[in-house]
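Structure record follows, encoded as structure tokens.
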Amino acid sequence: MSRPFRLLVVEGNTKAMRERHAAVAGHTPSAFYAAVLEEAAGWEGLKATVDIAYPTDPGANLPDGAGLASYDGVVITGSGLNLWKGEPESLIQVDFAREIFRAGVPFFGSCWGLQVAAAAAGGEVKLNPQGREVGLARSIRLTEAGRAHPMHAGRGDVFDAPAIHSDEVAVVPPGGTVTAGNDLCGVQAAEIRHDGGVFWGVQYHPEYTFRELGGILERYVPAMVAEGFVRDAQEAEKHIADLMTLDADPVPRDVAWRLGVSPSASDPKARRNEIVNWLARQVAPTASARGRA
1 MSRPFRLLVV EGNTKAMRER HAAVAGHTPS AFYAAVLEEA AGWEGLKATV DIAYPTDPGA
61 NLPDGAGLAS YDGVVITGSG LNLWKGEPES LIQVDFAREI FRAGVPFFGS CWGLQVAAAA
121 AGGEVKLNPQ GREVGLARSI RLTEAGRAHP MHAGRGDVFD APAIHSDEVA VVPPGGTVTA
181 GNDLCGVQAA EIRHDGGVFW GVQYHPEYTF RELGGILERY VPAMVAEGFV RDAQEAEKHI
241 ADLMTLDADP VPRDVAWRLG VSPSASDPKA RRNEIVNWLA RQVAPTASAR GRA
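Next comes the structure, spelled out in structure tokens:
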């Protein structure tokens, strides 16, 4: 390609939330996602430069339609917000997602990103009555549409993935196609076509390393105990420590076995499958068609 892809990462968290995250992890969710996109592009022999937008910040100067059209792809991160609460910080992101759809730019999102895109297209997000999915989303199954969808090319029919969420897409919007689900969450991945744009998204977090996931779970220890995932804080900390060791190379076989972590989750390239496919199969062809590659 003649130039790097120009991508935009939309930070889903408020300033206070991302600063709290950075205090533990050393980076904000959007900065982490930007680095993942650059690395994943490199796996495909591509290059990417990444800008970051902060829609929840007062006075944020968000790109308009023309500004969005100057990007080759837009990604929305996860977030600690809940759409069903109807907070202004959430609703402004739904409005921004509508602008992204209208701009016709390739669009991707993890967890919160999927929820925001679904709401922007006329779907509904609710608190999952089955409870929280924490650590790993188990036995995610591709639907018939998902098995044929390029977002999941290279995936097995059943896989695990890092996840942390209590909300779900309860009503799929018009133009939405569910491509994966599991017993706890019926919409684990979807394509959404709306107002001239195409969104690919997942409820899980293909971008996460296990160290990133473990750092996030540190904040959820009280909830993990209260909701019965572990018996006490010490058990939670042991589980988190085990998760973090899975970033070692090679992956410790005993820890992976003890936690029941499959290769689909433990191998970095397999884990980031949907991100790589989005870059190679959505961003690259679209940029080429626009004469931008």
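Each step along the sequence shown adds one to the number in the UniProt record's numbering, with nothing skipped, and position 137 is 137. Even glycine gets a Cβ: it sits at the ideal position worked out from N, Cα and C. All figures in this text were calculated on a predicted structure; none of them were measured in a lab.
Exposure of residue i, with buried meaning 16 or more beta-carbon neighbours within 10 Å
| i | result |
| --- | --- |
| G26 | exposed |
| D160 | buried |
| P206 | buried |
| V9 | buried |
| S288 | exposed |
| R258 | exposed |
| D167 | buried |
| residue 298 | Lying before the first or after the last residue shown, residue 298 is absent from the chain, which here runs from 1 to 293. |
| I155 | For the record, residue 155 in the displayed sequence is Arg; it is not Ile. With 16 or more Cβ atoms within 10 Å of its Cβ, R155 is classed as buried. |
| M1 | Here the model assigns M1 a pLDDT of 46, short of 50, so the residue's position is not dependable and the matter cannot be decided. |
| P173 | buried |
| A118 | buried |
| R271 | buried |
Any non-hydrogen atom of the ligand NAP closer than 6 angstroms to residue i Cβ
| i | result |
| --- | --- |
| R231 | This structure does not include the ligand NAP; it has no bound ligands of any sort. |
Residue i to residue j span [Cα, whole Å]
| i | j | result |
| --- | --- | --- |
| S266 | V251 | 7 angstroms |
| T286 | Y54 | 25 angstroms |
| M224 | V134 | 8 angstroms |
| R108 | G201 | Per the sequence presented here, residue 108 reads as Phe, with Arg not at that position. Rounded to whole angstroms, F108 to G201 spans 5 angstroms at the Cα level. |
| G196 | Q130 | 34 angstroms |
| I240 | A163 | 13 angstroms |
| D95 | D254 | 46 angstroms |
| N61 | I92 | 12 angstroms |
| K269 | N277 | 11 angstroms |
| T49 | Y71 | 10 angstroms |
| D242 | V75 | 30 angstroms |
| L127 | Q188 | 15 angstroms |
| F32 | E11 | 10 angstroms |
| R211 | R18 | 17 angstroms |
| A97 | A103 | 10 angstroms |
| I140 | V158 | 5 angstroms |
| F229 | G176 | 32 angstroms |
| S30 | N13 | 9 angstroms |
| L142 | H152 | 8 angstroms |
| A280 | E89 | 32 angstroms |
For residue i, the three-state DSSP class (helix, strand or coil)
| i | result |
| --- | --- |
| T286 | helix |
| L136 | strand |
| L142 | strand |
| V158 | strand |
| A163 | strand |
| Y33 | helix |
| G42 | helix |
| D183 | coil |
| F96 | helix |
| T209 | coil |
| D242 | helix |
| A148 | coil |
| G86 | coil |
| M262 | According to the sequence displayed, residue 262 carries Ser and not Met. Correct three-state label for S262: coil. |
| A119 | helix |
| residue 363 | No answer is possible for residue 363: the residues shown for the chain start at 1 and end at 293. |
Residues sharing a beta bridge with residue i, DSSP
| i | result |
| --- | --- |
| W200 | F108 and E191 |
| T177 | E191 |
| E168 | K126 |
| T49 | R6 |
| G73 | L7 |
Next item on the list: For the region 115-125 and the region 135-148, state whether three or more C-beta atom pairs, one from each stretch, are separated by less than 8 angstroms.
Entry: no
Margin query: Across the region 35-52 and the region 5-14, are there enough close Cβ pairs to call them in contact, namely three or more that are closer than 8 angstroms?
Written below: yes
Next item on the list: Would you check if the region 198-217 and the region 109-117 touch, i.e. whether three or more CB-CB distances between them fall below 8 angstroms?
Entry: yes
Notebook entry, point to check: Does the region 209-224 touch the region 174-189, meaning 3 or more C-beta pairs lie closer than 8 angstroms?
Noted result: Between the region 174-189 and the region 209-224, the count of C-beta pairs closer than 8 angstroms stays below three; the two stretches do not touch.
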